[in-house]
Amino acid sequence: MYASTAGGRIALERGGAGQEFTVSVHNGNTRAYAHVRVAFQMEMMTDTEAAADSNGLVLERRDPSTGTWQRADLRVANDVYPHYLYPDGTRLPREASRVDRYRLRALPEGPTGSTPLLIRLVDTSAPETAPDSQGVPCRTSLMVTVS
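For what it's worth, the working numbering labels the leading residue of the sequence shown as 971, then goes sequentially.
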């Protein structure tokens, strides 16, 4: 799994335009996955006013079938969400690849500061007792700075 954006980082301005990035998922030839999902999480930025949900940040995914941007889940918290609590996922056959486009923007009342956007490929069908390496087979991140 790879995440990329222009300049290698996400630089936002409060109330400004969002910045696009892509997440590429490439499965090998070892096994197929019944249910995987790309999950996003970041820690709360300390230099923030009272903000809306998701700490004043909005994550959207581009729907390739309609060309529209739709709200995507962004968890803002300072703890790790276990793989077995994610409710769903989609199939990822052996040797399959997919690339999704996302954008992140900061609301006018959003935070300022820097923190990584953690991106994890979660196997939602892994048992609760599975080790983290099985429940989350891939992870990456992009640095986010909001001014």
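The beta carbon of each residue, even a glycine, is placed where N, CA and C say it ideally should be.
Bridge partners for residue 972 per DSSP, in chain order? Residue 972 is bridged to 994.
Kindly list the residues whose CB is nearer than 7 Å to the CB of residue 1078, restricted to its own chain and excluding five residues on each side of it in sequence; keep chain order. The beta carbon of residue 1078 sits closer than 7 Å to the beta carbons of 984 and 985 from its chain, once the five residues preceding and following it are set aside; these are given in chain order.
Can you tell me the Cα-Cα spacing of residue 997 and residue 989, whole angstroms? Between residue 997 and residue 989, the alpha-carbon positions lie close to 27 Å from each other.
Any contact of the region 1052-1061 with the region 1070-1086, i.e. 3+ C-beta pairs under 8 Å? The region 1052-1061 makes no contact with the region 1070-1086; the number of CB pairs closer than 8 Å stays below 3.
Residue environment, residue 975, which counts as buried when at least 16 other CB atoms sit within 10 Å: Its Cβ being crowded by 16 or more others within 10 Å, residue 975 is buried.
Range of the contiguous beta strand (DSSP E) that encloses residue 1083: Where residue 1083 is concerned, the enclosing beta strand (DSSP E) stretches over 1083-1093.
Please return the same chain residues whose Cβ sits closer than 6 Å to the Cβ of residue 1067, not counting the five positions on each side in sequence. Answer for residue 1067: 996, listed in chain order.
Close-in-space but distant-in-sequence residues of the same chain around residue 1063 (CB under 6 Å, 5 per side omitted): 1002, listed in sequence order.
Can you say whether residue 1093 is buried or exposed, counting buried as having 16 or more other CB atoms within 10 angstroms of its CB? Buried is the call here.
Straight-line Cα distance separating residue 1088 from residue 950: Past the boundaries of the shown model lies residue 950; the chain is included only from 971 to 1117, so the question cannot be answered.
Do residue 1112 and residue 1004 have their C-beta atoms within less than 8 Å of each other? In this structure, residue 1004 does not lie closer than 8 Å to residue 1112 by Cβ.
Identify, in the order they occur along the chain, each residue of the same chain with its Cβ nearer than 6 Å to the Cβ of residue 1106, setting aside the five sequence neighbours on each side. Residues 1053, 1090 and 1092 of the same chain have their beta carbon placed closer than 6 Å to that of residue 1106, with the five preceding and five following residues left out of the count.
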